[in-house]
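One structure below.
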Amino acid sequence: MTGTPAEGAIHIRLGVEAGLFSKVVIGNHRILRATAPLAGRSGDDVPDLVARLFSVCRIAQGVASVSAIEGASAVRPDGRQKAARHFLIQSETLLEHAGRACLDWTRLLGEAPLVAVLKRLRSALVDLPDRLFPDGDWLRPGGGRLLTEAPLLTDRLTAVAEAVDQAILGRFGDDGIPVGDATILGRLAGKFLTDGVAGFGAMTIGPLPIFEAGPLDARLAADADGGFIARPDWGGMPYLTGPLARRWDHPAVRAVIARHGSGLLAHVAARAVEMAATLREMQDFAQGLCKDTSSQSEPADGGLAVVEAARGRLVHRVELDAGKVMRYQILAPTEWNFHPNGPLVQGLLGHPAGVDPVSRAGMLVTALDPCVAFRVEML
647 MTGTPAEGAI
657 HIRLGVEAGL
667 FSKVVIGNHR
677 ILRATAPLAG
687 RSGDDVPDLV
697 ARLFSVCRIA
707 QGVASVSAIE
717 GASAVRPDGR
727 QKAARHFLIQ
737 SETLLEHAGR
747 ACLDWTRLLG
757 EAPLVAVLKR
767 LRSALVDLPD
777 RLFPDGDWLR
787 PGGGRLLTEA
797 PLLTDRLTAV
807 AEAVDQAILG
817 RFGDDGIPVG
827 DATILGRLAG
837 KFLTDGVAGF
847 GAMTIGPLPI
857 FEAGPLDARL
867 AADADGGFIA
877 RPDWGGMPYL
887 TGPLARRWDH
897 PAVRAVIARH
907 GSGLLAHVAA
917 RAVEMAATLR
927 EMQDFAQGLC
937 KDTSSQSEPA
947 DGGLAVVEAA
957 RGRLVHRVEL
967 DAGKVMRYQI
977 LAPTEWNFHP
987 NGPLVQGLLG
997 HPAGVDPVSR
1007 AGMLVTALDP
1017 CVAFRVEML
């Protein structure tokens, strides 16, 4: 999305020389210390407050928060609670990806947004927290009252799968490239190929590696001025996070990368692969949520929680004293992808700017999908 820079927005300014992007300046106006008001609050109250604080990826933020509070309090929810929380994150991820397809991908195609499809998906997915946790306690440390209704969940997921398959996904060719004009994905892939921008935004940056809890906790503990949270790196290197990073090794995605690089087409293919995979995972969870899997519950990592949200890896860290929050930190995916030397910058510098540099850069910003409004303009 685009808009006037404000608190919580990203301002991207571009320079062009000899037809190539020569400069990219990212002004990150996000409120990176929005968690300061949580200091002094009871840890038990914080997950609900966090979920209300963030309107984007609310479920992932809430689950990361309650997991961090549980870790700091040495509270271990059973496997059924963890399965239900993961199911809810997956439902949010699917809805976020579908929303980008129905709104952003259609705009790139010059088509009207698929409002009816998005409404259908929202009606099936938005109230799942209340369906699974009828007492509204899905963010209670230790877990809430879980009521699983496998037939209802299965029916809803069947409706979601039909809408996603018919309007968005389509099928992949042998080379991993989406094909056909019946779905948004097929039409968008065809447009990128026809316009010669399938590889636009390709970068040398790779997927964000799996963190070791100890070093990550130490890095955040030492981050007194918020510099690491604002401009994160790992081993001195910036990384990519999000659907393309997660699905990097999927055969269809690897085929696209091998032929076109890690640019626009790879981003879109990865998002489609993830939507299909997420649907399958949700269907599996819907069939198994009623099973007692408490033996699968894993030990907590202190006050550190890491979850994969729709836009990438999300980290919450909390320090408690007598049950009260002394310090609360959030490391969000947007700070990785919009790092001053990260995926957006490296995906633009040296690449052809085209006849409309602002629009061309905006396509890559949309593919990387920041969790806030953004504005792109020339220097």
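Quick note on my numbering: the sequence shown kicks off at 647 and runs consecutively. Beta carbons: idealized from backbone N, C-alpha and C, even for Gly.
With contacts defined by Cβ atoms closer than 8 Å, LEU1025 and LEU755 do not form a contacting pair. Along the length of the region 873-959, whole alpha helix (DSSP H) runs at least 4 residues long occupy 873-876, 889-892, 897-906 and 910-934, reported in chain order. Excluding sequence positions up to five before and after GLU742, its CB lies within less than 6 Å of the CB of ALA956, all in the same chain and listed in chain order. ILE656 sits close to VAL1018, with the two beta carbons spaced by under 8 Å. Following the DSSP letters along the chain, one finds HIS732 inside the alpha helix (DSSP H) bounded by residues 725-746. Of the residues assessed, ILE856 falls on the exposed side of the cut-off, its CB having fewer than 16 other CB atoms within 10 angstroms. Taken through DSSP and simplified to helix, strand or coil, PHE700 comes out as coil. Scanning the region 824-874 from its first residue to its last, the whole alpha helix (DSSP H) runs of 4-plus residues come out as 830-841 and 859-867. Residue pairing by DSSP places HIS657 opposite GLY673 and ARG1021 in a beta bridge. Exposure of MET883 is indicated by the presence of fewer than 16 other C-beta atoms within 10 angstroms of its C-beta.
Following the DSSP letters along the chain, one finds VAL971 inside the beta strand (DSSP E) bounded by residues 970-977. The beta-carbon separation of GLY847 and LEU1010, rounded to 4 Å, stays under the 8 Å limit for a contact.
Here GLU981 is buried: its Cβ has 16 or more other Cβ atoms, across all protein chains shown, within 10 Å. By the Cβ test, the region 894-902 is in contact with the region 815-829, since at least three Cβ pairs between them sit closer than 8 Å.
For the 8 Å CB-CB criterion, LEU990 and VAL670 form a contact. Three or more Cβ pairs closer than 8 Å define a contact, and the region 707-725 falls short of that threshold against the region 795-808.
Each of THR800, ILE705 and SER688 was checked against the Cα of ASP930, and the nearest Cα belongs to THR800.
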